[in-house]
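Asker: To start, I am sharing the structure in question, which I have written as structure tokens.
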Amino acid sequence: MSSTTLVFSPPPLTAVSAADPPPPTTRIQIQSQPVFDNPNSKSGSLKSCQNLQEIKQLHAQFTKQGLICNPSILTKLIVKYSQMGTSESLEYAEKGFKMFKKKTESGNSSSTIYLYNSLIRANSLSACFNESILLYIDMLIEGFKPDNYTFPFVLSACSKSLRLCEGAQLHCSAVKLGFHNDVFVLNSLVHHYGECGEIDKAKQVFDEMPERNVVSWTSLICGYARQDLHKEAVSLFFEMVEEGISPNEVTMVSVISACAKLGDVDLGDRVSIYVERSGLTINDVVVNALVDMYMNCGAVDKAKRLFDGSFARNLVLYNTLMSNYVKLGEAKKALDIFREMLNLGPKPDRVTMLSVITSSAELGDFCLGMQCHAYVLRNGLENWDNIGNSIIDMYAKSGKQDLACRVFDQMSNKTIVSWNSLLAGFARNGDVGSARELFDEMPERNLVSWNTMIAILVQWSFFSDAIELFHSMQNEGITADNVTMVSVASACGYLGALDLAKWTYNYVEKYGIECNMRLGTALLDMFGRCGDPKSAMKVFKTMKEKDVSAWTAAIGAMASVGNGKQALELFHEMVKQWVIPDEVVFSTVLTACSHAGLVKEGMHIFNSMKKQHKITPHIVHYGCIVDLLGRAGLLDEALDFIKNMPMEPNGAIWGAFLSACRIHKNEKLANLADEIISKSNNDKTGIQVLLSNIYASAGKWNDVAKVRIHMKEKGMKKIAGSSSIELNGVVHEFTSGNESQPGSDLTALMLHEINCRLSAEGYVPDLENVLLDVDEKEKEFLLSRHSEKLAIAFGLISSGRGMPVRVVKNLRMCSDCHSFAKMVSKVYNREIVIRDNNRFHFFQRGSCSCCDYW
DNA sequence: GTAGGGTTAG
């Protein structure tokens, strides 16, 4: 509404707005008519006006001829202006209305109410909700009584702007004014309460209605759908049909959308069959709803057939198909539709561009993304937040962080999605520092912001920081969802922090967080990595749906504790249940065989990959077999296997072989391997370290020195051993021989005590594990400071009596630490659990669960 | 007159 002037005259006819098309020739004829016969026939020509310019022309004509003072003509002109729905036309309508009120001060109240209603409706339809409600208030102040048309119009404005209280006040007023039985008013109230989330209130109004029509039912169905109560919405539809009320197109669209949200294609089909049989007109909107439903339910073929068979492929239908392809990760297909649209279809709008930009982002197609950006700018679509945000996302996903930042900086209306998109962009580019800075700088954060930042930290291995951030999130009163918990579970798993893992699991239960397949798999994997296969299997058994990833996590949980037989049983059960195995599950199950020494079974599975499951083994699977044979001491077989591989063996293959040579102290074969490796380009640090270790074990210090020099020349650095231990939710990390750790004096003292007690029990350090050319005393000292020993000592001091000491080691533990842990478990009567980079070792009463086979 | 379709970030 404008309150600038009361003058109600149109602009001179020459001042044609650039946005308006030139008046058609038929209008010129009207202009040239000299005199109208009577006011009514003159206003009749208003009906055929198609655009604002034509109305303005007639307005000018009426003014010139003095007809503007005629209340009937003025009323029709105001209504016509309001129906155009542009801000300019609404301004004219309002000015006209002011003039009307002035001229009919003592006059016709029914016409005034009629005009109030028209303007309230027009403003509501044009999303000028405040103006709409203010007009209603103005109407009351001016002493006009709202009628049964006023309430639906103003309630609609309240619903669309989610003004629950105002709507409830209108409810009272409507009852007071005697509209408690009016079906239009009551339908509007059902809709209003449903829109504002007060579904019980909507149901109450609905239940108390003396009579209900199809709109009443449809309004309630929509209310349920809005609250994501899609099942209830569909039930209500069938209830309606049983009551003998025939649905119309609007009802069908609402219920089909509910089926889409449920992803229930059978239900969608039932509704769709109902539409076909009931003889309803299947208009554009119904077709679109059906296409959307089938796409959402994964019945892409059905959707595509409907689309192909539709003669009226309007803009929304194209957009529906494209956005659904994008959601399904089929960016290329979305772009195919876009090409068809450019050739045959309507002009793309901003929603179309959103799908195209998202597609180019998914494909990392920077060129297409740039073209889209240019199109957006050429067509003035850049002011829509969603478009700006998707452009940021597109540049970020294409690795153009600077361009993403530039678009972000230039955005005048940054929303939380803009910040989150940029944040996710930093994550993808591995710029954790910038991401954290941006996160701390954000004016507001929502669940997605927290989830993004936590996921970034997990992705880049900052597990403790991720857990810390999760705690901050809770302190800010934000409730986590299943996306958060997937990251948290993953962090716990990598940290091997069992107490934290248990707490995480309880958190999911306590807060009723929906445990979908992804979260189920993450929790199962978490327990597996924390060495608690029982809890892992408990989660696995409660999972309703299990895909190959879930089965892999379960098999992995078994593999890491050396339970090869159960891992194999799970694998066979998976195949029995028609879950198609992939490459990952094969490497997991082969690893399980390797840790349990199941050579025959492992070879059988490896051979079945190609024959039975049509999967060509990857180099990783060959590595598993080398490991399987090597660990079992079948070194000659392992070397033959390597020689007969269809591809060039890589570092991992030689690593597995050399590792086996080291376990079985076979220096001869290691030498042979060394010769082959030196001829190839395999210079991986792991291999060189293993080689130097093998030579060192055999006391060949000259060879050790050669390898070390070679490593130095190549800039290779041995990864430092480190062990961590969780205590009261905090993860403490120890590195070999590091004096600067907190509580290190006490830990060193404890370690000394342990060594004395162990010596008394007959423990002799295995000096072969010290791979440096130093004297025996020094070797003994170095060996005593291995990180897992420090962690065990710290664990014994800090944790309660009888509690297991759980340590996570980043490398494979050495045989001396293994013997040490066995003795500690006996002498101190404590369970010691160590996860090294291979598997779990559970030490109890002097022996280990791996039976010294690892 | 009241009720309906496509919309970005984890």
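With the first sequence counted from 1, adding 755 to any position gets you our numbering.
The beta carbon of each residue, even a glycine, is placed where N, CA and C say it ideally should be.
Quick caveat: nothing in here was measured; it's all calculated off a predicted structure.
1) Please classify Ile1335: is it buried, with 16 or more other beta-carbons within 10 angstroms of its beta-carbon, or exposed?
2) Tell me whether Lys1472 sits in a helix, a strand or coil according to DSSP, three-state version.
3) Counting Cβ pairs closer than 8 Å, one from the stretch 907-923 and one from the stretch 872-892, do we hit at least three?
4) Answer with buried or exposed for Cys1511, where buried requires no fewer than 16 other C-beta atoms within 10 angstroms of its C-beta.
5) Between which residues of its own chain and Ser971 is the CB-CB distance below 8 Å, once the five residues before and five after are set aside?
6) For my contact list, Pro907 and Tyr891 are in at a C-beta cut-off of 8 Å; report their separation, rounded to the angstrom.
7) Go through its chain and collect everything with a Cβ distance to Phe855's Cβ below 6 Å, but skip five positions before and after it.
8) Alpha carbon to alpha carbon, how far is Tyr1029 from Met1007?
9) So within the stretch 1364-1445, which uninterrupted alpha helix (DSSP H) runs reach at least 4 residues, ignoring any that extend past its ends?
10) By how many angstroms is the C-alpha of Lys1299 removed from the C-alpha of Leu1501?
11) Count the other C-beta atoms from every protein chain shown that fall within 10 angstroms of the C-beta of Gln784, then say buried if there are 16 or more, exposed otherwise.
12) Could you pull out every unbroken alpha helix (DSSP H) segment of at least 4 residues lying fully inside the stretch 881-932, listed in chain order?
13) Is Thr841 helix, strand or coil when you go by DSSP?
14) Closest by CA to Val1519, which one among Tyr1249, Ser1570, Asn1261 and Ala1308?
15) With burial defined as no fewer than 16 other Cβ atoms inside 10 Å of the residue's Cβ, what is the status of Tyr1260: buried or exposed?
16) Leaving out five residues on either side along the sequence, give the residues of the same chain with a beta carbon under 7 Å from the beta carbon of Gln1443.
17) With a threshold of 16 other CB atoms inside 10 Å of the CB of His1487, please say whether the residue is buried or exposed.
18) Tell me the rounded alpha-carbon separation between Ser764 and Leu870.
19) Measure the Cβ-Cβ separation of Thr973 and Ser1027 and say whether it is below 8 Å.
20) Kindly identify the DSSP beta-bridge partner or partners of Glu1199.
21) Note down, in chain order, each residue of its chain lying with its Cβ closer than 7 Å to the Cβ of Arg1183, except the 5 sequence neighbours on either side.
22) Please work out which residues of its chain come closer than 7 Å, Cβ to Cβ, to Ile823, disregarding the five sequence neighbours upstream and downstream, and give them in chain order.
23) Quick one: give me the first and last residue of the alpha helix (DSSP H) that Glu809 is part of.
24) With three or more C-beta pairs closer than 8 Å as the rule, is the stretch 1110-1119 touching the stretch 1132-1140?
25) What residues match up with Arg1590 in a beta bridge as DSSP calls it?
26) Taking DSSP as the reference, what is the three-state secondary structure of Ser1604?
27) Check whether the Cβ atoms of Cys977 and Gly1018 sit closer than 8 Å, and answer yes or no.
28) What are the start and end residues of the beta strand (DSSP E) that includes Glu1481?
29) Going by other Cβ atoms of all chains shown within 10 Å of its Cβ, with 16 needed for buried, is Val1360 buried or exposed?
30) Have a look at Asp1302 and Met1313 and give me their C-alpha separation to the nearest angstrom.
31) Can you check whether the CB of Tyr1049 is closer than 8 Å to the CB of Gly1023?
32) Please state the DSSP three-state secondary structure of Glu1516.
33) Entirely within the stretch 1183-1245 and at least 4 residues each: give me those alpha helix (DSSP H) ranges in chain order.
34) Is Glu1488 helix, strand or coil by DSSP?
35) Looking only at C-alpha atoms, which of Asn1168, Leu1513, Glu1516 and Arg1540 sits nearest to Asn1524?
36) The alpha helix (DSSP H) spanning Cys721 covers which residue range?
Answerer: Judging by the given coordinates:
1) For the purposes of this step, residue 1335 is taken as residue 580 along the first sequence, with counting starting at 1. Counting Cβ neighbours within 10 Å, Ile1335 comes out exposed, since fewer than 16 surround it.
2) Locating residue 1472 in the first sequence gives position 717, counting from the first residue. Lys1472: coil per DSSP, three-state reduction.
3) yes
4) If you number the first sequence from 1, residue 1511 lands on position 756. It counts as exposed.
5) As a working mapping, residue 971 is identified with position 216 in the first sequence. So the qualifying residues of the chain are Val938, Leu941, Asn942, Val945, Phe961 and Met964.
6) Position 152 of the first sequence, counting from 1, holds the residue named residue 907. Position 136 of the first sequence, counting from 1, holds the residue named residue 891. Not quite, the Cβ-Cβ distance comes to about 12 Å (not below 8 Å), so this is no contact.
7) For this step, residue 855 is matched to residue 100 along the first sequence. Closer than 6 Å at Cβ, skipping near neighbours: Leu829.
8) Here residue 1029 refers to the residue found at position 274 when the first sequence is read from its first residue. Here residue 1007 refers to the residue found at position 252 when the first sequence is read from its first residue. The alpha-carbon atoms of Tyr1029 and Met1007 are separated by roughly 9 Å.
9) 1374-1386, 1390-1398, 1406-1418 and 1422-1434
10) Residue numbering aside, residue 1501 sits at position 746 when the first sequence is read from its first letter. Residue numbering aside, residue 1299 sits at position 544 when the first sequence is read from its first letter. Approximately 49 Å, taken between the alpha carbons.
11) Along the first sequence, read from residue 1 onward, the residue named residue 784 stands at position 29. Reliability of the predicted coordinates at Gln784 is poor, the pLDDT of 31 falling under 50, and the value obtained from them is presented with this limitation in mind. Label assigned to Gln784: exposed.
12) 884-896, 905-915 and 919-931
13) As a working mapping, residue 841 is identified with position 86 in the first sequence. Reduced to three states, the DSSP call for Thr841 is coil.
14) Here the question's residue 1519 lines up with position 764 in the first sequence. It is Ser1570.
15) Numbered from its first residue, the first sequence carries residue 1260 at position 505. Per the 10 Å Cβ criterion, buried.
16) As a first step, residue 1443 must be located in the first sequence, where it is residue number 688. Cβ neighbours of Gln1443 beyond the five flanking positions: Val1462, His1465, Met1466 and Met1471.
17) The residue given as residue 1487 occupies position 732 in the first sequence. Buried is the call here.
18) Walking along the first sequence from the start, residue 764 turns up at place 9. Walking along the first sequence from the start, residue 870 turns up at place 115. So the alpha carbons of these two residues sit roughly 18 Å apart.
19) Taking the first residue of the first sequence as position 1, residue 973 is located at position 218. Taking the first residue of the first sequence as position 1, residue 1027 is located at position 272. Cβ distance not < 8 Å, so Thr973 and Ser1027 don't count as in contact.
20) The residue you call residue 1199 lines up with position 444 of the first sequence. Bridge partners of Glu1199: none, in fact.
21) To locate residue 1183, count along the first sequence from 1; it is residue 428. The answer, listed in chain order, is Ala1151 and Lys1152.
22) Mapped onto the first sequence, residue 823 falls at position 68. Correct list, in chain order: Phe817 and Leu829.
23) Your numbering for residue 809 matches position 54 in the first sequence. First-last of the alpha helix (DSSP H) with Glu809: Leu807 to Lys819.
24) no
25) For the purposes of this step, residue 1590 is taken as the residue at position 835 of the first sequence. Val1563 and Phe1595.
26) Locating residue 1604 in the first sequence gives position 849, where the first residue counts as 1. Note: Ser1604 maps to coil in three-state DSSP.
27) Within the first sequence, the letter at position 222 stands for residue 977. Within the first sequence, the letter at position 263 stands for residue 1018. The answer is no: Cβ separation not under 8 Å.
28) Position 726 of the first sequence, counted from the start, is the residue given in the question as residue 1481. Ser1477 to Leu1482 is the span of the beta strand (DSSP E), which, as asked, contains Glu1481.
29) Translated into positions along the first sequence, residue 1360 becomes position 605. The displayed chain sequence assigns Ile, not Val, to residue 1360. By the 10 Å Cβ count, Ile1360 comes out buried.
30) In the first sequence, counting from the first residue as 1, residue 1302 sits at position 547. In the first sequence, counting from the first residue as 1, residue 1313 sits at position 558. Each residue's Cα considered, the two are about 17 Å apart.
31) Working through the first sequence from its first residue, we reach residue 1023 at position 268. Working through the first sequence from its first residue, we reach residue 1049 at position 294. Closer than 8 Å, so yes.
32) Along the first sequence, read from residue 1 onward, the residue named residue 1516 stands at position 761. Note: Glu1516 maps to coil in three-state DSSP.
33) 1187-1196, 1202-1214 and 1218-1230
34) Counted from its first residue, the first sequence places residue 1488 at position 733. Residue state, collapsed to three classes: strand.
35) As a first step, residue 1524 is located in the first sequence; it is residue number 769 there, counting from the start. Among Asn1168, Leu1513, Glu1516 and Arg1540, the Cα nearest to that of Asn1524 belongs to Arg1540.
36) This structure cannot speak to residue 721, because the chain is shown only from 756 to 1609.
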